[in-house]
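Peer 1:
Numbering (my numbering), first residue to last: 38 to 289.
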């Protein structure tokens, strides 16, 4: 993703990476890639004739100001806040949710709201949606739990994070199955970035066991590349909990 976007920007004389492709350059959190067509724009916002578009490249009819453009190593892409807005124009709900967690770890809510208020050339309903998301999200500091929550939310499944501070920064996620019935979700970090040799993961597992929550444990890389399998597992766990509680207690 990083290399493909960079290659398109370098090969094109003026094209500026937009949306998800700019987000990758910043390290901004986004959802899984399903469309590998690179989104770009020219500073004027006027795309060239389609016959001149490079392979798997899409020119958007949106202008990009000089002060919204970053150039590094001959790669041109939009700055952080402009990229965030473009995710609401060209991205998925998963992109928008994870990017909101990321942007709120880098800027205050007031700064983001002020930027949205001053943004021009975008449909009002898009800006309103961005405002609502910035105002309503409790930001998660870990990408894996941010992505899990976004995937669940995109399937209209409500969940909330548990913060087991000071040892664990976020997670597990609790999915409400209705009627005080819950399941817990733990996302294992394949990169090993957790400190203290897995102690936070042990804390999460101990907490869910103590509260007697059925638990879905899933690997982050599998979540990113196959969110459908993750949702299948969550669906099975929810159905099992709901079925169990539909039986008389002596049959549990």
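All C-beta atoms in this analysis are idealised placements derived from N, C-alpha and C, irrespective of residue type, glycine included.
Comparing alpha-carbon positions, which option in 264, 263, 274 lies nearest residue 253?
Peer 2: When each option's Cα is compared against that of residue 253, the closest is 274.
Peer 1: State the beta-bridge partners of residue 198 as determined by DSSP.
Peer 2: Note: residue 198 sits in a beta bridge opposite 210.
Peer 1: Give me the residue from 277, 200, 255 with the minimum Cα distance to residue 218.
Peer 2: The residue with the shortest Cα to Cα distance from residue 218 is 277.
Peer 1: Under the three-state reduction of DSSP, which class applies to residue 255: helix, strand or coil?
Peer 2: Of the three classes helix, strand and coil, the one that applies to residue 255 here is strand, per DSSP.
Peer 1: By the 10 Å Cβ neighbour count, where 16 or more other Cβ atoms means buried, how is residue 197 classified, buried or exposed?
Peer 2: Classification for residue 197: exposed.
Peer 1: Any chance you could list the alpha helix (DSSP H) runs of at least 4 consecutive residues sitting entirely within the stretch 87 to 148, in chain order?
Peer 2: Counting only runs of 4 or more, we get 117 to 127, 130 to 140.
Peer 1: Note the first and the last residue of the continuous alpha helix (DSSP H) segment covering residue 67.
Peer 2: No alpha helix (DSSP H) holds residue 67; DSSP gives it neither H nor E.
Peer 1: Could you tell me if residue 179 is buried or exposed, where buried requires 16 or more neighbouring beta carbons within 10 angstroms of its beta carbon?
Peer 2: That one is buried.
Peer 1: Tell me whether the beta-carbon of residue 182 lies closer than 9 Å to the beta-carbon of residue 211.
Peer 2: No.
Peer 1: Ignore the nearest five residues each way along the sequence and tell me which others in residue 46's own chain have a CB closer than 8 Å to its CB.
Peer 2: Closer than 8 Å at Cβ, skipping near neighbours: 52, 53, 54, 77, 111, 112, 113, 114.
Peer 1: Could you check the C-alpha separation between residue 133 and residue 71 for me, to the nearest Å?
Peer 2: Roughly 15 Å between the two C-alpha positions.
Peer 1: Name the DSSP bridge partner or partners of residue 77?
Peer 2: Partner(s): 54, 96.
Peer 1: Between the Cα of residue 263 and those of 188, 144, 91, 245, spot the shortest distance and give me the residue it belongs to.
Peer 2: Comparing Cα-Cα distances from residue 263 to each of 188, 144, 91, 245, the minimum goes to 188.
Peer 1: At a cut-off of 8 Å, would you count residue 98 as near the ligand NAP, judging by its Cβ distance to the nearest heavy atom?
Peer 2: The ligand NAP is not among the ligands present in this structure, which contains no ligands whatsoever.
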